[in-house]
Ligand SMILES: Nc1nc2c(c(=O)[nH]1)N(C=O)[C@@H](CNc1ccc(C(=O)N[C@@H](CCC(=O)O)C(=O)O)cc1)CN2
Ligand SMILES: Nc1nc2c(ncn2[C@@H]2O[C@H](COP(=O)(O)OP(=O)(O)OP(=O)(O)O)[C@@H](O)[C@H]2O)c(=O)[nH]1
Ligand SMILES: [Mg+2]
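In full-length UniProt numbering, the protein residues as written are 1 to 481.
So, in structure tokens, the structure goes:
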């Protein structure tokens, strides 16, 4: 991490926010960052038990030592009355998360208590922090780059273990290092081009790279680095974005029963009356670490009931948009022509055929060769009694991951959507240069291309990025982060 300070934007104000959730919890934390952090807390804190020299009095600013904790009482700024007992933690700049002076107040939790303490801190001179402002300061003050800051948001929002692991990698600088490696190669090539352009006539440079060698490195080595980042990120995006699964089928086959079994809770109404489900139901589930949004839909059939027709229309819309369709059949009867047609129509999507209610039939006599012949994955289950559900989950997992090579590689480079778009733009720029008939003739042209890609790599790490772009990114954070 470089130590340089990029901006002096915030030196004049000190910010504060509640950093923990506003609900019942054991402990709550209020975070204060900026040059007045220490004096602001000095006004509203009395240290107890000789933690500071001035026992049972307001401490002098000079008494706080960095990275030490002090026990005492937090007071109301105006009345001087005790609000809560707390532990106060001071981190002297630049040895803090924001690289500014930071004081944290660890107090009891509870919405009212935390807000009373925050108000006392604000009355004592702090300004309320915007969403993500602490992390923005860590970025502006050079502790982390933009990709690491984005790793922090992703970690906070991670919907599953794998997504959290990927976010931790980003936070610790995977993307940053990957981009820096590409940039280093580009800067080397750029220097070669500049030298050639400058000394062309005097022919002083004999052992520099030739134009075709430079082109070759960009078209192969750099191009592959960019492509690898894009491909591996696509593979991993299922962990952060999740995938959608729609349960479909004719009425009464057991779709809602399956949703309930997958969620392990009675979220959907189940009854023997066909046409029970009218609306689309949505539930979050987790299939071997992959976040899945599961939709239960109205049974599809020909209906004259206007409300049912609306439900069936919604079901079709969900089916068209979903990543995987679980198409459910009833094991107690043979397949209808309508069901066969549905399967044929949707064969291009990822369809898993589910034969439900196997508890009701004699497995030996169950003849579903017809279904197996279709060539799609088939699961035999009892949604009601739970048979075959583990196998169904494995089948779904295989379907999700079937086109993914990199999924288990921990060192795979994983970008978020914003970063991936920039890598894609860089690939497009190289491709259109490759198509340019003049590209073999000019160091100037390749030098321009190199400049463009360097600028794009800078956008990933946030170097020289326009203020409005990173402002947008930090707004996605929660307050207190
Ligand atoms: N209470 C608390 N917990 C937290 C944070 C925090 O700010 N406060 N963090 C943030 O949200 C994360 C940790 N990140 C941090 C990063 C750097 C420093 C820091 O003080 N670094 C100094 C000193 C390091 C040392 O003593 O070795 C430095 O790097 O110079 C602290 C927290 C998660 N847990
Ligand atoms: N024996 C048995 N009965 C089941 C099974 N799954 C569902 N059922 C029964 O089948 C009936 C219909 O189940 P639902 O889950 O409501 O079916 P659905 O497909 O959601 O029906 P609609 O919402 O009307 O389209 C209920 O009486 C369930 O108890 C199963 O695996 N075995
Ligand atoms: Mg239903």
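Glycine residues also receive a C-beta, built at the ideal position from the N, C-alpha and C atoms.
- The nearest non-hydrogen atom of ligand 3 is 7 Å or more from the C-beta of residue 265.
- One alpha carbon belongs to residue 119, the other to residue 460, and they sit about 38 Å apart.
- For residue 256, the shortest separation between its Cβ and any heavy atom of ligand 3 lies below 7 Å.
- In this structure, residue 131 lies near residue 477, with their beta-carbon atoms less than 8 Å apart.
- Boundaries of the beta strand (DSSP E) harbouring residue 31: 27–33, taken from the DSSP string.
- Inclusion of residue 382 in the 7 Å shell around ligand 2 follows from its C-beta lying nearer than that to a non-hydrogen atom of the ligand.
- Between residue 139 and residue 33 a beta carbon distance of about 13 Å is seen, past the 8 Å cut, so the two are scored as non-contacting.
- Here residue 297 is not near residue 273, since their CB atoms are 8 Å or more apart.
- In this structure residue 265 is exposed. Its beta-carbon is surrounded by fewer than 16 other beta-carbon atoms within 10 angstroms.
- Residue 296 has its Cβ nearer than 7 Å to a heavy atom of ligand 3.
- Boundaries of the beta strand (DSSP E) harbouring residue 107: 102–108, taken from the DSSP string.
- For residue 64, there is no enclosing alpha helix (DSSP H), as DSSP marks it with neither H nor E.
- Look at the beta carbons and you see the region 40–50 touching the region 109–124: at least three pairs across the two are nearer than 8 Å.
- Going by DSSP, residue 155 is part of the alpha helix (DSSP H) stretching over 146–157.
- Bridge partners of residue 84 according to DSSP: 74.
- Between the region 468–475 and the region 438–455, the count of C-beta pairs closer than 8 Å stays below three; the two stretches do not touch.
- In the structure shown, residue 169 falls within a helical segment according to DSSP collapsed to helix, strand and coil.
- Residue 268 has its Cβ nearer than 7 Å to a heavy atom of ligand 3.
- Between the alpha carbons of residue 325 and residue 245 lies a distance of about 6 Å.
- Secondary structure of residue 291 (DSSP, three-state): strand.
- In the three-state reduction of the DSSP assignment, residue 379 falls in the strand class.
- If you look at residue 328, you'll find it in the beta strand (DSSP E) that goes 324–330.
- Relative to ligand 2, even the nearest heavy atom lies 7 Å or more away from the CB of residue 451.
- Taking 3 residues as the minimum length, the beta strand (DSSP E) runs contained wholly in the region 237–295 are 243–249, 281–287, in order along the chain.
- Taken atom to atom, the span from the alpha-carbon of residue 146 to that of residue 465 is near 9 Å.
- In the structure shown, residue 477 adopts coil according to DSSP, grouped into three states.
- A distance below 8 Å separates the beta carbons of residue 285 and residue 292.
- If you check the CB distance, residue 92 and residue 66 come in under 8 Å.
- The straight-line gap separating the alpha-carbon atoms of residue 90 and residue 111 is approximately 24 Å.
- For residue 68, the three-state secondary structure derived from DSSP is strand.
- Residue environment: residue 102 is assigned as buried (16 or more neighbouring CB atoms within 10 Å of its CB, all protein chains considered).
- By the Cβ-count criterion, residue 154 is buried, with 16 or more other Cβ atoms from all chains shown falling within 10 Å of its own Cβ.
- A direct Cα-Cα distance of roughly 25 Å separates residue 210 from residue 227.
- Annotation for residue 20 indicates a beta carbon at 7 Å or more from all heavy atoms of ligand 3.
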